[in-house]
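Asker:
Shown next as structure tokens:
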């Protein structure tokens, strides 16, 4: 592509991108799934069985979110939006992308159909570059989106730990903000 500003970058994000804003992740040490079972608080059946527990869980998350502010990673994504065609596909239910000037995603619980999955897969299939930030790539169907990217499309994974294996991906082993800074500075 000769005009880099027309390059389409698709960014898949998860809870790790909001960790620097003080929000708990799900799978890290001390993460939410150590204290709560996903089946007790994040499924339609859980809400039917014990709505009080589910609401308590989400109210706790809302209280955390009240004081949270978009971090450098969110602002760097917004910077990318100024320079490139960017689509953010996120697993997050916080609104930090929106507060960082990006649109808030549709929200679904575990076990529910993802209404925008086909659209997300189509976006990934049309990407000129795929960037993965702050997700363990363990939750399907979102994790399966990496398989929709066309051969030869550059893939970058930003993860301070041991990310899931993504064939041919460049891995930046840093937190979201530091890794995004490195990624953004490497772009033309």
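In UniProt numbering, the protein residues as written are 1 to 188. Glycine is no exception: its CB is placed at the ideal position from the N, C-alpha and C atoms. Source: prediction; values computed, not measured.
Taking the alpha helix (DSSP H) that residue 49 falls in, what are its first and last residues?
Answerer: As a first step, residue 49 is located in the chain shown; it is residue number 49 there, counting from the start. Run containing residue 49: 44–49, per the alpha helix (DSSP H) assignment.
Asker: Would you say residue 131 and residue 57 are within 8 Å of each other, going by their C-beta atoms?
Answerer: Counting from 1 along the chain shown, the entry for residue 131 is found at position 131. Counting from 1 along the chain shown, the entry for residue 57 is found at position 57. No, the pair does not count as a contact, with Cβ atoms beyond the cut-off.
Asker: Round the Cβ separation of residue 145 and residue 86 to the nearest angstrom and send it over; I've been treating them as touching at under 8 Å.
Answerer: Mapped onto the chain shown, residue 145 falls at position 145. Mapped onto the chain shown, residue 86 falls at position 86. Not quite, the Cβ-Cβ distance comes to about 16 Å (not below 8 Å), so this is no contact.
Asker: Between the alpha carbons of residue 105 and residue 91, how many angstroms are there, rounded?
Answerer: Position 105 of the chain shown, counting from 1, holds the residue named residue 105. Position 91 of the chain shown, counting from 1, holds the residue named residue 91. Only weak support is given to the placement of residue 105: the predicted model assigns it a pLDDT of 35, under 50, and the value that follows is read from those uncertain coordinates. If I take the Cα positions, the gap works out to 8 Å.
Asker: Just to confirm, is the Cβ distance from residue 42 to residue 134 under 8 Å?
Answerer: By one-based count along the chain shown, residue 42 stands at place 42. By one-based count along the chain shown, residue 134 stands at place 134. Against a cut-off of 8 Å, the Cβ pair of residue 134 and residue 42 comes out as no contact.
Asker: Within this structure, are the beta carbons of residue 155 and residue 169 separated by less than 8 Å?
Answerer: As a working mapping, residue 155 is identified with position 155 in the chain shown. As a working mapping, residue 169 is identified with position 169 in the chain shown. Taking 8 Å as the Cβ cut-off, residue 155 and residue 169 qualify as a contacting pair.
Asker: Using 8 Å as the Cβ pair cut-off and three pairs as the minimum, do the segment 8–24 and the segment 64–79 touch?
Answerer: yes
Asker: Skipping 5 residues on each side, what residues in its chain have a beta carbon closer than 7 Å to that of residue 139?
Answerer: Along the chain shown, one-based indexing puts residue 139 at 139. Excluding positions up to five away in sequence, the list reads 91.
Asker: Can you have a look at residue 18 and say buried or exposed, based on whether 16 or more other CB atoms are within 10 angstroms of its CB?
Answerer: Working through the chain shown from its first residue, we reach residue 18 at position 18. It is buried - the Cβ of residue 18 has at least 16 other Cβ atoms within 10 Å.
Asker: Under 8 Å between the Cβ atoms of residue 173 and residue 76?
Answerer: In the chain shown, counting from the first residue as 1, residue 173 sits at position 173. In the chain shown, counting from the first residue as 1, residue 76 sits at position 76. Contact: no.
Asker: Could you check what DSSP says for residue 41 in three-state terms: helix, strand or coil?
Answerer: Along the chain shown, one-based indexing puts residue 41 at 41. Residue 41 carries a helical assignment under DSSP once its states are collapsed to helix, strand and coil.
Asker: Just to confirm before moving on: does the CB-CB distance between residue 73 and residue 177 stay below 8 Å?
Answerer: As a position in the chain shown, residue 73 is number 73, starting the count at 1. As a position in the chain shown, residue 177 is number 177, starting the count at 1. Yes.
Asker: Report yes if the CB atom of residue 148 is closer than 8 Å to the CB atom of residue 171, and no otherwise.
Answerer: For this step, residue 148 is matched to residue 148 along the chain shown. For this step, residue 171 is matched to residue 171 along the chain shown. No, they are not a contact pair.
Asker: Should residue 150 be labelled buried (16 or more other beta-carbon atoms within 10 Å of its own) or exposed?
Answerer: Here the question's residue 150 lines up with position 150 in the chain shown. When all chains shown are included, residue 150 counts as exposed.
Asker: Smallest Cα separation from residue 189: which of 120, 45, 128?
Answerer: No statement about residue 189 is possible, as the shown extent of the chain runs from 1 to 188 and does not include it.
Asker: Residue 82 to residue 60, Cα distance in whole Å?
Answerer: For this step, residue 82 is matched to residue 82 along the chain shown. For this step, residue 60 is matched to residue 60 along the chain shown. Taking the straight line from one Cα to the other gives about 34 Å.
Asker: Sort out for me which residues DSSP pairs residue 170 with in a bridge.
Answerer: The residue given as residue 170 occupies position 170 in the chain shown. DSSP, once it has assigned bridges, lists 156 as partnering residue 170.
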